[in-house]
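K.L.:
Each residue of the sequence shown is one higher than the one before, counting from 8 in the numbering used here.
All C-beta atoms, glycine included, are put in the ideal place defined by N, C-alpha and C.
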Amino acid sequence: MKIIFATGNKDKVAEVREILRDMEAQVVTMKEAGIFAEAEENGSTFEENAVMKAQAVAKEAAKSETWRDALVMADDSGLVIDALNGEPGIYSARYLGHDTSYLVKNADLIKRLAEVPEEKRSARFVCAIAAVFPNGEVLTTEGVMEGRIGYEPRGENGFGYDPIFYLPQFGCSSAELSPEEKNKISHRGCALRAMKEKLAE
Numbered sequence: 008m009k010i011i012f013a014t015g016n017k018d019k020v021a022e023v024r025e026i027l028r029d030m031e032a033q034v035v036t037m038k039e040a041g042i043f044a045e046a047e048e049n050g051s052t053f054e055e056n057a058v059m060k061a062q063a064v065a066k067e068a069a070k071s072e073t074w075r076d077a078l079v080m081a082d083d084s085g086l087v088i089d090a091l092n093g094e095p096g097i098y099s100a101r102y103l104g105h106d107t108s109y110l111v112k113n114a115d116l117i118k119r120l121a122e123v124p125e126e127k128r129s130a131r132f133v134c135a136i137a138a139v140f141p142n143g144e145v146l147t148t149e150g151v152m153e154g155r156i157g158y159e160p161r162g163e164n165g166f167g168y169d170p171i172f173y174l175p176q177f178g179c180s181s182a183e184l185s186p187e188e189k190n191k192i193s194h195r196g197c198a199l200r201a202m203k204e205k206l207a208e
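#1: Could you check where the alpha helix (DSSP H) with M152 kicks off and where it finishes?
#2: Considering only residues of the segment 166-206, which uninterrupted beta strand (DSSP E) runs meet the minimum length of 3 residues and lie entirely inside it, listed in chain order?
#3: In the DSSP output, which residue or residues are listed as bridge partners for L86?
#4: For A137, which beta-bridge partners are listed by DSSP?
#5: Rounding to the nearest angstrom, what Cα-Cα distance links V87 and G143 in this structure?
#6: Taking I5 as part of the alpha helix (DSSP H), name the residues at either end of that continuous run.
#7: Where DSSP assigns a beta bridge to F12, which residues make up the other side?
#8: For the candidate residues A137, V133, V23, whose alpha-carbon lies nearest to that of C55?
#9: With a 10 Å radius around its C-beta and 16 neighbouring C-beta atoms as the bar for buried, classify F172 as buried or exposed.
#10: Using the C-alpha atoms, what's the distance from R119 back to D106?
#11: Classify E149: buried if its beta carbon has 16 or more other beta carbons within 10 angstroms, exposed otherwise.
#12: Out of V79, V123, Y102, E126, which one is the CA nearest neighbour of V23?
#13: Hey, is the segment 110-124 in contact with the segment 184-201, meaning 3+ C-beta pairs nearer than 8 angstroms?
#14: For F53, is the classification buried or exposed, using 16 other Cβ atoms within 10 angstroms of its Cβ as the cut-off for buried?
#15: Please identify the residue among S108, A121, E126, L146 whose C-alpha is closest to the C-alpha of L199.
#16: Can you tell me which of F12, E31, L27, L91 puts its alpha carbon nearest to the alpha carbon of G41?
#17: Could you pull out every residue in the same chain whose Cβ sits closer than 7 angstroms to the Cβ of V58, ignoring the five residues on either side in sequence?
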């Protein structure tokens, strides 16, 4: 099986390859497949945006002799903070601008939550995965990882908002977990494992 994963994020691809490694599949990025497709992510949910991305790449893959039989997968994921009415949510990657570093984004969120007590700092990472088959059929799954927003960035592993996402059951941020530990509980790990089950069916 050939799988094109619609992302250019090398950290995300590393996670995806690790989680899907027990499948007999060749997992490549859009760039590795020579596909350059831009999807307008104007959906109102993570699922809608994931489907848009996957369909845009599948449309281009259908024109390629090498990749026309590939399964195209895409994800849309983000951080949902209850005390901020769900922000940054589906705008997580674009929060404070596409080119703004996560050091700045994380610092801003911590500042906005400065007066929020521990019990009201609940948050979750959400990930929707969409898979588009060559015949146009679409499958979707979703995964969630519950936690809280910490008071300072901690940890060097992970990426994005991981350093400020505190996991009470582990007593650390998701950036302090090893990649193996994180993949077992992460929103993306849960969504991808659910997708593997659907594909097996």
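P.N.:
Per the coordinate set shown:
#1: Premise fails: M152 lies in the beta strand (DSSP E), 145-156, not in any alpha helix (DSSP H).
#2: DSSP runs (the beta strand (DSSP E)) wholly in the segment 166-206: 172-174.
#3: F132
#4: A137 is bridged to A81, T147.
#5: Near 30 angstroms, if we compare the C-alpha coordinates of G143 and V87.
#6: Nothing about residue 5 can be reported from this structure: the residues present for the chain run from 8 to 208 only.
#7: T36, M80
#8: Strictly speaking, residue 55 in this sequence is Glu, with Cys absent from that position. With distances taken between Cα atoms, E55 lies closest to A137.
#9: buried
#10: 20 angstroms
#11: buried
#12: V79
#13: no
#14: buried
#15: L146
#16: F12
#17: Here the set comprises A137, V145, T147.
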